[in-house]
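The structure under discussion appears below in the form of structure tokens.
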Amino acid sequence: MLSEARRLFKMDSTQHPQCAFPAKLRDSSLLRHQAFIGGEWVGAGDGAVIAVLDPATGTKIGDVPNMGYEDTMRAIALAETAQKEWAARPAKERSVILRKWYDLLLANAEDLSAIMTAEQGKPLEESRGEIAYAASFVEWFAEEAKRTYGDVIPSTKPRNRIFVLKQPIGVVGAITPWNFPSAMITRKCAPAFAAGCAVVVKPSEFTPYSAFALAVLSERAGIPAGLLNIVTGDAASIGKALTQSETVRKISFTGSTRVGKLLMEQSSSTVKRVAMELGGNAPFIVFDDADLDVAVKGAIGAKFRNTGQACISPNRLLVQDRIYDAFVEKLSAAVGALQVGSGFEPGVQQGPLINEAAVQKVERHVTDAVSKGATVVIGGKRHPLGNTFYQPTVLRDVDDSMLFSSEETFGPIAAVYRFTDEQDAVAMANKTSAGLSAYFFTRDLDRMWRVAEQLETGMVGVNEGLISNEVAPFGGVKESGIGREGSRYGIEEFLELKYVSLSQYSA
Ligand code: ADP
Numbered sequence: 010m011l012s013e014a015r016r017l018f019k020m021d022s023t024q025h026p027q028c029a030f031p032a033k034l035r036d037s038s039l040l041r042h043q044a045f046i047g048g049e050w051v052g053a054g055d056g057a058v059i060a061v062l063d064p065a066t067g068t069k070i071g072d073v074p075n076m077g078y079e080d081t082m083r084a085i086a087l088a089e090t091a092q093k094e095w096a097a098r099p100a101k102e103r104s105v106i107l108r109k110w111y112d113l114l115l116a117n118a119e120d121l122s123a124i125m126t127a128e129q130g131k132p133l134e135e136s137r138g139e140i141a142y143a144a145s146f147v148e149w150f151a152e153e154a155k156r157t158y159g160d161v162i163p164s165t166k167p168r169n170r171i172f173v174l175k176q177p178i179g180v181v182g183a184i185t186p187w188n189f190p191s192a193m194i195t196r197k198c199a200p201a202f203a204a205g206c207a208v209v210v211k212p213s214e215f216t217p218y219s220a221f222a223l224a225v226l227s228e229r230a231g232i233p234a235g236l237l238n239i240v241t242g243d244a245a246s247i248g249k250a251l252t253q254s255e256t257v258r259k260i261s262f263t264g265s266t267r268v269g270k271l272l273m274e275q276s277s278s279t280v281k282r283v284a285m286e287l288g289g290n291a292p293f294i295v296f297d298d299a300d301l302d303v304a305v306k307g308a309i310g311a312k313f314r315n316t317g318q319a320c321i322s323p324n325r326l327l328v329q330d331r332i333y334d335a336f337v338e339k340l341s342a343a344v345g346a347l348q349v350g351s352g353f354e355p356g357v358q359q360g361p362l363i364n365e366a367a368v369q370k371v372e373r374h375v376t377d378a379v380s381k382g383a384t385v386v387i388g389g390k391r392h393p394l395g396n397t398f399y400q401p402t403v404l405r406d407v408d409d410s411m412l413f414s415s416e417e418t419f420g421p422i423a424a425v426y427r428f429t430d431e432q433d434a435v436a437m438a439n440k441t442s443a444g445l446s447a448y449f450f451t452r453d454l455d456r457m458w459r460v461a462e463q464l465e466t467g468m469v470g471v472n473e474g475l476i477s478n479e480v481a482p483f484g485g486v487k488e489s490g491i492g493r494e495g496s497r498y499g500i501e502e503f504l505e506l507k508y509v510s511l512s513q514y515s516a
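First residue of the sequence shown? That's 10 in the numbering used here, and the numbers climb one at a time after it.
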């Protein structure tokens with residue numbers, strides 16, 4: 010299998026292009042410039058590459074393979090072979106190997122964090138947090154691997170037994186984004202491997218190095234060749250291969266609603282299972298009985314983490330009349346104190362945005378709001394640091410006519426709306442086609458239940474802004490997606506039910 014991959018890609022796996030990597034790694038072998046297919050480090054069939062940039066400086070970090078349809082089809086074929094062998098192993102054995110992968114992720118956390126900050130830009134402290142979060146899915150699903158229990162159902166007939174087995178779905182295509190380059194891979198791969206599946210991952214073209222480093226460690230942990238494949242390059246043709254292949258039985262996607270819809274459409278020709286973690290437009294409601302300091306802390310954590318580039322980041326802060334001015338004032342003071350800079354600088358809390366297109370989107374949202382009557386309280390411009398840095402911003406008097414209501418901003422902008430009463434707040438919160446996460450702050454226990462149940466989202470944070478972890482089900486309703494990741498539900502996404510009716514062969 011390995012020599013087959015080498016022959017197909019005609020690549021010398023020792024060939025490394027020059028690169029200006031902005032950090033020193035303890036273990037430089039974690040930094041790879043080739044894709045990982047069938048346990049081999051390979052280039053594109055035609056040798057094409059794409060550049061990866063450091064968003065803080067705009068300089069090139071290195072080149073990675075620009076693969077396409079054919080390369081992906083070969084990865085799928087190698088995954089198919091590996092999956093059969095892996096699924097035949099006892100769950101306990103798969104669990105032990107996943108646990109080793111978890112240990113290696115933690116042991117190499119500093120290098121993995123540096124690689125992430127280099128290509129994604131987030132502050133090193135946040136990268137460390139993401140590596141711990143990414144590893145937590147591997148630990149959790151190493152445990153869950155042993156608990157994919159089926160059922161024995163009382164039969165409708167005499168001398169008959171009904172069993173329900175849970176079996177791995179097979180080969181999975183995973184397409185992941187750049188905002189959480191490691192966690193979005195482990196959140197899909199760990200339950201897939203635990204269930205007995207193989208995965209072909211297409212990481213974002215902006216953050217392939219984090220994916221490669223995870224693959225190096227998977228190899229060291231004993232995850233067999235072909236089980237985890239990382240294919241980089243042309244998104245549309247890799248996506249076509251993954252969705253059109255009859256071997257791939259499931260597409261697990263995290264990214265924009267636009268691309269998610271396209272992948273669902275493409276997956277229909279082979280009737281694949283799909284899991285879609287798509288965009289949000291999270292409301293963050295502050296009622297006038299809330300503790301304002303707790304609400305401000307929650308807003309900073311939820312809104313400004315990853316420089317606002319998260320699908321669960323509050324896009325609309327809805328604040329009740331009576332406390333509106335006080336909240337805006339406290340929030341603006343906290344936002345003004347955020348330190349902006351390169352993710353490698355100690356103390357920095359806000360890194361650059363991922364690219365120029367991201368900055369332009371933020372500018373468009375701010376300009377649109379100001380032209381319609383919103384006021385910039387703090388920020389509102391590109392940061393003097395240049396490149397893709399943008400000032401952490403608070404906008405007040407934002408209303409429904411502005412783009413924040415209909416589009417996800419994905420940047421460091423707190424857009425503050427005003428509401429009068431609870432009914433008004435819930436109606437405003439639900440007035441969106443998205444339904445991923447919502448947050449609200451109150452000290453009224455009745456209201457906690459009432460509002461939590463009325464919000465049309467898959468996740469709700471009450472008096473807190475940070476809600477992601479490995480033990481709870483992550484996912485959305487409406488156009489925010491289908492399926493759940495993490496938690497005991499996460500592994501079910503990679504299992505098929507098979508009903509077996511067993512009758513006695515003699516009368
Ligand atoms: P974002 O706007 O956050 O970058 P995208 O949905 O564009 O989100 O990207 C998420 C992932 O989807 C990335 O890995 C990207 O390369 C991939 N992607 C983008 N377009 C397509 C496509 N047509 N088919 C398959 N994958 C795609």
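Note that the Cβ used here is the ideal one computed from N, Cα and C, for glycine as well.
Treat the numbers as computed from the prediction; the structure is a model and nothing was measured.
**Prompt:** How about the segment 315-335 and the segment 425-434: do they share at least three Cβ pairs that are nearer than 8 Å?
**Reply:** Judged by pairs of C-beta atoms under 8 Å, the segment 315-335 touches the segment 425-434, as three or more such pairs exist.
**Prompt:** So what's Ser512 in DSSP terms, helix, strand or just coil?
**Reply:** The count along the sequence shown starts at 1 and reaches residue 512 at position 503. Strand.
**Item:** C-alpha distance - Gly72 paired with Ala423, whole-angstrom precision
**Value:** By 1-based counting over the sequence shown, the position of residue 72 is 63. By 1-based counting over the sequence shown, the position of residue 423 is 414. Note that residue 72 is Asp in the sequence shown, not Gly. Straight-line Cα distance between these residues: approximately 36 Å.
**Asked** In its own chain, which residues sit with a C-beta less than 7 Å from the C-beta of Gly484, not counting the 5 before and 5 after it?
**Response** Position 475 of the sequence shown, counting from 1, holds the residue named residue 484. Cβ neighbours of Gly484 within its own chain (closer than 7 Å, five residues either side excluded): Glu286, Gly467, Gly490, Gly492, Arg493, Glu494.
**Prompt:** Quick one: what does DSSP say Glu479 is sitting in, helix, strand or coil?
**Reply:** As a position in the sequence shown, residue 479 is number 470, starting the count at 1. Three-state DSSP puts Glu479 in coil, outside helix and strand.
**Request:** Could you pull the start and end residues of the alpha helix (DSSP H) that Thr266 belongs to?
**Result:** Residue mapping note: residue 266 aligns to position 257 of the sequence shown, counting from 1. Run containing Thr266: 266-276, per the alpha helix (DSSP H) assignment.
**Request:** Could you tell me whether any non-hydrogen atom of ligand 1 is closer than 7 Å to the CB of Lys131?
**Result:** Here the question's residue 131 lines up with position 122 in the sequence shown. Lys131: no, Cβ never under 7 Å from ligand 1.
**Message:** Using 8 Å as the threshold, is the C-beta distance between Phe262 and Ile232 below it?
**Reply:** The count along the sequence shown starts at 1 and reaches residue 262 at position 253. The count along the sequence shown starts at 1 and reaches residue 232 at position 223. Not in contact: Phe262 and Ile232 (Cβ atoms no closer than 8 Å).
**Residues near Asp207 in its chain [Cβ-Cβ closer than 6 Å; skip 5 each side]** = Counted from its first residue, the sequence shown places residue 207 at position 198. For the record, residue 207 in the displayed sequence is Ala; it is not Asp. If we look at Ala207 and ignore the five residues flanking it on each side, its Cβ neighbours are Ala88, Ala91, Gln92, Val180, Leu236.
**Asked** Which residue spans inside the segment 437-478 form an unbroken beta strand (DSSP E) run of at least 3?
**Response** Listed in chain order, the complete beta strand (DSSP E) runs (minimum 3 residues) inside the segment 437-478 are 446-450, 468-471.
**Request:** Specify the secondary structure class of Ile500 as computed by DSSP and reduced to three states.
**Result:** In the sequence shown, the residue the question calls residue 500 occupies position 491. The answer is helix: DSSP assigns Ile500 an H, G or I state.
**Message:** Taking DSSP's pairing of strands, which residues face Arg391 in a bridge?
**Reply:** Counted from its first residue, the sequence shown places residue 391 at position 382. Tyr399, per the DSSP bridge assignment.
**Item:** Distance, Thr418 Cα to Ile500 Cα
**Value:** Counted from its first residue, the sequence shown places residue 500 at position 491. Counted from its first residue, the sequence shown places residue 418 at position 409. When rounded, the distance between both Cα atoms is 31 Å.
**Asked** Should Ile184 be counted as a contact of ligand 1 given a C-beta to heavy atom distance under 7 Å?
**Response** Position 175 of the sequence shown holds residue 184. Yes.
**Asked** Cβ of Glu139 within 7 Å of any heavy atom in ligand 1?
**Response** Taking the sequence shown and counting its residues from 1, the one referred to as residue 139 is at position 130. No.
**Exposure of Val210, with buried meaning 16 or more beta-carbon neighbours within 10 Å** = Numbered from 1 along the sequence shown, position 201 holds the residue referred to as residue 210. When all chains shown are included, Val210 counts as buried.
**Message:** At the level of alpha carbons, what is the spacing between Arg41 and Gln129?
**Reply:** Mapped onto the sequence shown, residue 41 falls at position 32. Mapped onto the sequence shown, residue 129 falls at position 120. Rounded to the nearest whole angstrom, the C-alpha separation of Arg41 and Gln129 is 16 Å.
**Request:** Return the chain-ordered list of same chain residues with a C-beta closer than 8 Å to the C-beta of Ile194, the five sequence neighbours on each side being excluded.
**Result:** The sequence position of residue 194 within the sequence shown is 185, counting from 1. Excluding sequence positions up to five before and after Ile194, its CB lies within less than 8 Å of the CB of Ala143, Ala183, Thr185, Val210, Pro212, Ser219, Ala220, Leu223, all in the same chain and listed in chain order.
**Prompt:** Does the count of Cβ pairs from the segment 47-64 and the segment 234-249 closer than 8 Å reach three?
**Reply:** Yes: at least three Cβ pairs fall under 8 Å.
**Prompt:** Cβ of Val371 within 7 Å of any heavy atom in ligand 1?
**Reply:** Locating residue 371 in the sequence shown gives position 362, where the first residue counts as 1. Flag unset: Cβ of Val371 not near ligand 1.
**Message:** Quick check: the segment 453-462 against the segment 146-166, are at least 3 beta-carbon pairs closer than 8 Å?
**Reply:** Put simply, the segment 146-166 does not touch the segment 453-462. Fewer than three CB pairs are less than 8 Å apart.
**Message:** Which residues does DSSP list as the beta-bridge partners of Asp72?
**Reply:** Taking the first residue of the sequence shown as position 1, residue 72 is located at position 63. Asp72 is bridged to Ala60.
**Prompt:** To which residues of the same chain is Gln24 closer than 7 Å at the C-beta, ignoring the five residues directly before and after it?
**Reply:** To locate residue 24, count along the sequence shown from 1; it is residue 15. Residue placement at Gln24 cannot be trusted, given a pLDDT of 39 that sits under 50; what the coordinates show is reported in the next sentence. Closer than 7 Å at the Cβ level, and outside the excluded window around Gln24, lies no residue.
**Item:** Check: Pro212 C-beta below 7 Å from any heavy atom of ligand 1
**Value:** Within the sequence shown, residue 212 is the residue found at index 203, counting from 1. Yes, Cβ of Pro212 sits closer than 7 Å to a heavy atom of ligand 1.
**Asked** Near Thr66, what residues of its chain come up, given a Cβ to Cβ distance below 8 Å and the 5 sequence neighbours on each side ignored?
**Response** Here residue 66 refers to the residue found at position 57 of the sequence shown. Correct list, in chain order: Pro31, Ser351, Asn396.
**Item:** Which listed residue (Ala84, Val385, Val407, His392) has its alpha carbon closest to that of Gly360
**Value:** Your numbering for residue 360 matches position 351 in the sequence shown. When each option's Cα is compared against that of Gly360, the closest is His392.
**Message:** Any heavy atom of ligand 1 inside 7 Å of the beta-carbon of Ser265?
**Reply:** Translated into positions along the sequence shown, residue 265 becomes position 256. Yes, the Cβ of Ser265 comes within 7 Å of a heavy atom of ligand 1.
**Request:** Classify Met10 as helix, strand or coil using the three-state DSSP reduction.
**Result:** Numbered from its first residue, the sequence shown carries residue 10 at position 1. With a pLDDT of 34 at Met10, under the threshold of 50, the modelled position of this residue cannot be trusted, and the question is left open.
**Item:** Alpha-carbon spacing of Ser410 relative to Lys381, whole angstroms
**Value:** Counting from one through the sequence shown, the residue named residue 410 turns up at place 401. Counting from one through the sequence shown, the residue named residue 381 turns up at place 372. Answer to the nearest angstrom: the Cα atoms are 8 Å apart.
**Item:** CA-to-CA distance, Ala311 to Ser415, given in whole angstroms
**Value:** To locate residue 415, count along the sequence shown from 1; it is residue 406. To locate residue 311, count along the sequence shown from 1; it is residue 302. Roughly 19 Å separates the two Cα atoms.
**Request:** Excluding the 5 residues preceding and the 5 following Thr256 in the sequence, name in chain order all residues of the same chain whose CB lies nearer than 6 Å to its CB.
**Result:** The count along the sequence shown starts at 1 and reaches residue 256 at position 247. For Thr256, where only same-chain residues beyond five positions count, the Cβ hits under 6 Å are Ile85, Glu89, Val180.
**Asked** So, helix, strand or coil for Ala291, using DSSP?
**Response** Counted from its first residue, the sequence shown places residue 291 at position 282. In the displayed model, Ala291 falls within a strand according to three-state DSSP.
**Beta-carbon contacts of Glu4 that lie in its chain and below 7 Å, excluding the five residues immediately before and after** = No answer is possible for residue 4: it lies beyond the span of the chain, which begins at 10 and ends at 516.
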